[in-house]
Amino acid sequence: MKLPEPSPDALEQSRGLEQLVLQRIEDNGGWLSFARYMELALYVPGLGYYSGGARKFGPGGDFITAPELTPLFGQALALQLEQVMQASAGHIIEAGAGTGVLAADVLRALESRGMLPESYAILEVSGELRARQQQTLADAVPHLLSRVNWLERSPERFSGVVVANEVLDVMPVHLLVVRPDGIFERGVVRGAGGALGWGEKPAEAAVLAAAKALELPVPEQGAYVTELNLAARAWVTDWAARLDLGALLLVDYGYPRAEYYLPSRSNGTLLCYYRHRAHSDPLLWPGLNDITAFVDFTSVAEAAFDAGLDVLGYTSQASFLFNCGILSLLAQRGPKESADYIRAARAVQRLTTPQEMGELFKVLAVSRGIREPLIGFSRGDRLHAL
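Our numbering numbers the first residue of the sequence shown as 41 and each following residue consecutively.
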């Protein structure tokens with residue numbers, strides 16, 4: 041697939057990031073882990089994908105998230121957030137809030153039910169996205185802005201509900217390469233002509249220990265390539281130390297470990313997105329592509345459990361949304377022959393059919409002090425699969 045050429049300004053920004061990466065490679069002895077490269081490519085201030093000024097979400101960006109498809113996603117999610125708040129405290133933190141559309145939809149839905157949170161905080165590392173979120177909320181729910189605040193770091197202590205929609209998949213991952221002669225880590229080096237290239241070295245320390253624990257398939261010949269997301273484990277562990285009462289609700293695309301590390305998935309799950317086109321070269325135009333990897337939900341659940349949290353539920357996005365009443369919400373959109381209903385129904389189909397987002401995306405809930413079953417997992421819970 042031929043990708044559209046970036047603008048001259050975008051290419052100039054990308055070259056600036058490439059030079060920064062090359063300097064980091066030199067500073068690190070000629071080799072940089074892919075996790076460190078991914079962190080720079082996505083988050084380095086001013087140049088990284090999520091901290092630059094390019095449009096990322098929606099039809100004019102590189103991909104579309106569930107909240108961008110229809111407000112029904114946020115309305116259904118709001119019912120689950122309401123239940124957790126009633127069982128803990130009236131506070132919501134959204135990690136990585138994108139354009140702010142989900143926050144606006146959730147706040148409107150909770151307001152209509154008389155269940156507005158005392159506070160809705162957005163944990164956002166990108167100044168550019170923070171500005172977009174502020175504008176979205178000012179346009180959509182100006183009367184609720186006093187309840188919303190932005191955080192640069194997680195609070196020391198928290199009670200309530202933390203929601204993260206498509207956050208874990210963009211945390212930096214290590215690339216593992218398994219061959220008959222051992223486990224290697226793939227990183228980034230200065231290649232031919234001074235361009236970015238690939239280099240490998242034997243895996244060591246925490247990466248090697250975690251890779252061995254996965255019991256990865258060893259091919260008879262060639263290589264088995266996959267990802268290791270230590271950052272997601274650390275993120276959940278960190279939240280466990282801060283959460284007094286409440287739950288983390290994690291929505292992302294991924295698999296349980298038994299499906300993630302299948303022998304047939306020998307090229308891993310790493311993908312890049314550029315203007316609604318997927319490709320597999322994360323070294324192309326650094327800073328201009330989203331770089332993602334599927335989530336190993338077993339590892340995330342294990343990290344939460346080891347840190348003292350309860351694992352309350354794990355299911356497909358389709359089951360979660362059905363359990364939260366998305367079809368009833370759709371029915372309230374008006375006559376089935378109306379244009380509004382038809383658009384909403386198509387969006388719900390995309391969110392819930394197995395061929396689209398319904399099976400690809402999963403929902404995991406972990407908590408402290410929540411004893412009652414969560415409505416989002418009342419049917420179709422797959423905890424046994426973790």
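Glycine residues also receive a C-beta, built at the ideal position from the N, C-alpha and C atoms.
Computed from a predicted structure; not experimentally measured.
Classification of G231 by the beta-carbon crowding that lies within 10 angstroms, buried from 16 upward: exposed
Could you tell me whether any Cβ in chain B is nearer than 8 Å to the Cβ of D49? The chain labelled as chain B is not found in the depicted structure, where only one protein chain is given.
Inter-residue CB distance, L430 and A358 (contact presumed, cutoff 8 Å): Since the displayed the chain opens at 41 and closes at 426, residue 430 lies outside it and no answer follows.
So for R230, helix, strand or coil by DSSP? strand
Near G98, what residues of its chain come up, given a Cβ to Cβ distance below 8 Å and the 5 sequence neighbours on each side ignored? Here G98 scores only 46 on pLDDT, less than 50, and its place in the model should not be relied on; the value that follows carries that caveat. I104, E108, T139.
With distances taken between CB atoms, is the gap from P220 to V258 smaller than 8 Å? yes
Comparing alpha-carbon positions, which option in F74, Q59, V276 lies nearest L268? F74
Thinking V406 and L288 are a contact (beta carbons under 8 Å), I'd like their distance in whole angstroms, please. 5 Å
In chain order, what residues of the same chain lie with their CB nearer than 7 Å to the CB of G222, ignoring the 5 residues before and after it? P242
Paired residues, beta bridge with L288 - DSSP: V202, V406
How about A116 and L150: are their beta carbons less than 8 Å apart? no
For K402, count neighbouring C-beta atoms within 10 Å of its own C-beta (all shown protein chains included) and say buried if the count is 16 or more, exposed if not. buried
Rounded distance between the beta-carbons of V84 and L236, thought under 8 Å: So it is not a contact: roughly 15 Å between Cβ atoms.
Simplified DSSP assignment, three categories, for L370: helix
Which residue or residues does DSSP assign as beta-bridge partners of A318? Y313
Inspect the beta-carbon positions of P157 and H183 and report whether they are closer than 8 Å. no
Among Y293, D284, R273, T266, whose alpha-carbon lies nearest the alpha-carbon of P303? T266
Where P107 sits in the DSSP three-state scheme: helix
Rounded to whole angstroms, what's the CA-CA distance from Q173 to A106? Just pull it up for me. 16 Å
Quick one: what's got a C-beta closer than 8 Å to L254's C-beta in the same chain, skipping five residues either side? L268, R297, Y301
Would you list the one or two residues that DSSP bridges to H131? S159
Which word fits R408, buried or exposed, when buried means at least 16 other C-beta atoms lie within 10 angstroms of its C-beta? buried
Counterpart residues of K241 in DSSP-defined beta bridges: E225
My output table needs one value for R95: the three-state DSSP class, helix, strand or coil. With a pLDDT of 49 at R95, under the threshold of 50, the modelled position of that residue is not reliable, and the figure given next carries that caveat. Three-state DSSP puts R95 in coil, outside helix and strand.
Contacting residues, own chain, Cβ-Cβ under 7 Å from E412 (five flanking each side not counted): A127
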